[in-house]
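Undergrad: So that we are looking at the same thing, I have put the structure below in structure tokens.
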Amino acid sequence: MVHTTISELETATGYEQVRAAIATRFTNPLDLPKEIFSDPLVYREELERIFYGPYWHPVAHRAELGEINSFKTTWLGEIPILVSRGQDDRIRAFVNTCTHRGTLLEQREVGVAQEFQCPYHRWLFNSSGDFCGAPGEREFRADFDRKDYALPELRVSEIAGLIFITRHPDTRLLETFLGECADPVRDCLLDDGDLTLLGYQKVVYKTNWKTYFDNDFYHAPLLHTGFRIMGWQGGKGEVRITEPVGHFSVGYQSTPYVDNGYLGDPSVVQFRGTDDRARVVALRPVTVMTKHVDTINIRFARPRGVDRTEVSYAFFGHASDSAEYRHHRVRQASNLLGPSGFITIEDAAVFNRQQMTADDGTLARFVKGVDGRPEDATQNDEIGNTVGWANYRRVMGFDH
403 MVHTTISELE TATGYEQVRA AIATRFTNPL DLPKEIFSDP LVYREELERI FYGPYWHPVA
463 HRAELGEINS FKTTWLGEIP ILVSRGQDDR IRAFVNTCTH RGTLLEQREV GVAQEFQCPY
523 HRWLFNSSGD FCGAPGEREF RADFDRKDYA LPELRVSEIA GLIFITRHPD TRLLETFLGE
583 CADPVRDCLL DDGDLTLLGY QKVVYKTNWK TYFDNDFYHA PLLHTGFRIM GWQGGKGEVR
643 ITEPVGHFSV GYQSTPYVDN GYLGDPSVVQ FRGTDDRARV VALRPVTVMT KHVDTINIRF
703 ARPRGVDRTE VSYAFFGHAS DSAEYRHHRV RQASNLLGPS GFITIEDAAV FNRQQMTADD
763 GTLARFVKGV DGRPEDATQN DEIGNTVGWA NYRRVMGFDH
């Protein structure tokens with residue numbers, strides 16, 4: 403059950419005034435008032451309507467929970483989450499908070515544990531979320547029932563090993579929510595999802611979460627020197643868009659790198675696999691997945707206030723990889739598509755520069771390839787972004 407707090411009521415009251423003012427600036431569906439990237443009341447309302455609303459959010463892949471009692475901690479908006487593979491081999495997700503006094507329960511990011519113990523009063527919970535006991539339990543209140551103190555559990559669904567959670571009781575079935583992007587998700591995860599975890603890189607960008615996610619395809623060959631070095635120009639890939647929520651994906655083929663003298667070690671970008679399908683999938687509100695050359699990457703992201711976004715880059719190989727191929731994937735992943743990879747390093751600078759101007763009262767505008775239909779989008783225009791923004795306006799109440 404979703405409860406409304408006093409702070410939520412106060413936010414909603416203040417938000418109505420902000421919403422009405424911003425709505426008057428949404429005069430063209432292709433123009434965005436930039437205050438939506440900097441207003442704290444807009445951010446608080448986004449948490450309620452989007453992150454805690456009827457959306458599915460990827461939080462882990464099975465490869466990160468490789469054995470019984472494995473766990474991972476993460477966040478849904480500003481709610482701490484504990485994902486656990488129980489003794490029964492079932493994967494569950496809980497609010498990562500002790501049900502006694504509300505203390506953060508597990509602080510480690512990943513690990514293996516049969517039980518979770520709150521440091522405050524030593525309350526104990528098992529890997530299935532059940533309350534197991536606490537010091538002084540005989541003196542607890544008369545109506546105390548252990549079952550009432552289990553960790554709050556969230557709905558969980560899965561596709562190709564990718565674990566999704568939702569806090570809202572009315573969220574649609576996962577396949578329906580993903581729509582046209584369900585198969586591209588499977589493509590990214592090599593169809594069977596039988597992956598192995600290679601490692602993580604984490605970064606906090608100085609930008610609003612929407613700016614981070616709204617990374618269009620138009621910019622890729624223009625901003626990223628790495629794409630130009632590899633001779634990638636874009637514009638030829640297959641684009642899929644899920645309406646009305648606005649997930650989008652681009653599929654293309656990985657092409658062999660022709661050594662042009664720019665790289666000291668061209669083997670770092672060498673394609674050694676047999677599956678040359680390449681894919682970028684952007685799942686709203688804030689998850690990006692890529693399969694590019696031999697790199698498989700899921701970017702688990704979360705907002706950290708109105709002007710910060712934390713992204714955890716998780717890199718994977720396939721369970722059938724040889725040791726040599728796995729080593730190649732690790733080298734390529736850390737050099738190509740991580741936060742300091744030579745295909746993505748410029749993004750951080752642009753994100754920061756966009757956030758620096760978020761309070762200037764102007765508009766962010768879409769102009770390239772936006773006069774056609776979204777279903778006719780190409781790989782190097784901006785129309786793929788506009789479906790998600792139309793849905794954002796509806797969800798946030800800016801279209802009335």
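All you need for my numbering is the position in the sequence shown, starting with 1, plus 402. Quick reminder that beta carbons are idealized off the backbone N, C-alpha and C, glycines included. Predicted model only: the values in this text are computed from it and were never measured.
Using the Cα positions of residue 570 and residue 698, report the straight-line distance between them to the nearest angstrom.
TA: 30 Å
Undergrad: Could you check whether residue 459 and residue 689 sit closer than 9 Å to each other, using their CB atoms as the reference points?
TA: Taking 9 Å as the Cβ cut-off, residue 689 and residue 459 qualify as a contacting pair.
Undergrad: Specify, as a first and last residue, the run of the beta strand (DSSP E) that residue 585 falls within.
TA: Not the beta strand (DSSP E): residue 585 falls in the alpha helix (DSSP H), residues 584-590.
Undergrad: Please give the ranges of any beta strand (DSSP E) in the segment 486-572, keeping only runs that are unbroken, at least 3 residues long and fully inside the region.
TA: 493-497, 512-514, 517-519, 526-528, 533-535, 555-561 and 564-568
Undergrad: With a Cβ-Cβ cutoff of 9 Å, do residue 701 and residue 608 count as a contact?
TA: no
Undergrad: So is residue 543 buried or exposed if we call it buried at 16+ other beta carbons inside 10 Å?
TA: exposed
Undergrad: So, for residue 789: in the same chain, excluding its five sequence neighbours on each side, which residues have a beta-carbon less than 6 Å away from its beta-carbon?
TA: 643, 645, 648 and 776
Undergrad: Write down every uninterrupted run of the alpha helix (DSSP H) in the segment 652-724 whose length is 4 residues or greater and which is fully enclosed by it, in chain order.
TA: Unbroken alpha helix (DSSP H) runs of no fewer than 4 residues, entirely contained in the segment 652-724, are not found.
Undergrad: Opposite residue 605 in the DSSP bridges: which residues?
TA: Bridge partners of residue 605: 713.
Undergrad: Could you name the residues of the same chain whose beta carbon sits closer than 6 Å to that of residue 486, not counting the 5 residues immediately before and after it, in chain order?
TA: 473, 494 and 529
Undergrad: If you draw a straight line from the C-alpha of residue 723 to the C-alpha of residue 730, how long is it?
TA: If you take the alpha carbons of residue 723 and residue 730, they lie about 10 Å apart.
Undergrad: Classify residue 787: buried if its beta carbon has 16 or more other beta carbons within 10 angstroms, exposed otherwise.
TA: Under the 10 Å beta carbon count, residue 787 is surrounded by 16 or more other beta carbons and is classified as buried.
Undergrad: Is the separation between the beta-carbon of residue 685 and that of residue 583 shorter than 9 Å?
TA: Taking 9 Å as the Cβ cut-off, residue 685 and residue 583 qualify as a contacting pair.
Undergrad: Going by the beta-carbon positions, is the gap between residue 573 and residue 728 smaller than 9 Å?
TA: no
Undergrad: Taking Cβ positions, are residue 463 and residue 500 nearer each other than 9 Å?
TA: no
Undergrad: Pick from 481, 434 and 475: whose alpha carbon is nearest that of residue 454?
TA: 481
Undergrad: Buried or exposed: residue 546, going by 16 or more other Cβ atoms within 10 Å of its Cβ?
TA: exposed
Undergrad: Would DSSP call residue 770 helix, strand or coil?
TA: coil
Undergrad: For the 8 Å Cβ check, are there 3 or more pairs between the segment 739-749 and the segment 618-628?
TA: yes
Undergrad: Taking 6 Å as the limit between beta carbons, can you name the residues of its chain near residue 445, skipping five residues before and five after?
TA: 708
Undergrad: Could one say the Cβ of residue 678 lies closer than 9 Å to chain D's Cβ atoms, at least one of them?
TA: Protein chain content of the structure displayed is limited to a single chain, and chain D is not contained in it.
Undergrad: Give the DSSP bridge partners of residue 474, in chain order.
TA: 485 and 512, per the DSSP bridge assignment.
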